[in-house]
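Numbers 148 to 206, taken from my numbering, label the letters of the sequence shown in order. The beta-carbon is built from N, C-alpha and C at its ideal position, and this holds for glycine as well.
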Amino acid sequence: MKDYDDGGLPLVDEVVTEGRNAYLHNTPFEENPYPIVSLEFMSWWYGWLLEEERQTMAA
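Structural data, given as structure tokens:
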């Protein structure tokens with residue numbers, strides 16, 4: 148994955164970490180609304196989001 152220096156990667160890290168913590172501690176979704184996702188998925192999703200944004204700007 149490329150390095151994106153616009154502050155988005157900490158968000159990816161936060162979602163992955165919080166989701167993992169919720170899973171490990173068996174926290175109900177109401178108390179910790181972070182999805183349980185892998186870093187690979189979040190990296191792919193974030194890259195896709197940036198690509199969509201770039202295409203929208205170009206249009």
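- With respect to Val162, Tyr193 sits apart: the two C-beta atoms are not nearer than 7 Å.
- According to the DSSP assignment, Thr174 belongs to no alpha helix (DSSP H), since it is labelled neither H nor E.
- Burial is judged here by how many other beta carbons sit within 10 angstroms of a residue's own beta carbon; Met204 has fewer than 16 and is exposed.
- In the structure shown, Tyr181 adopts coil according to DSSP, grouped into three states.
- The alpha carbon of Arg167 has as its nearest neighbour, out of Tyr181, Glu198 and Ser190, the alpha carbon of Tyr181.
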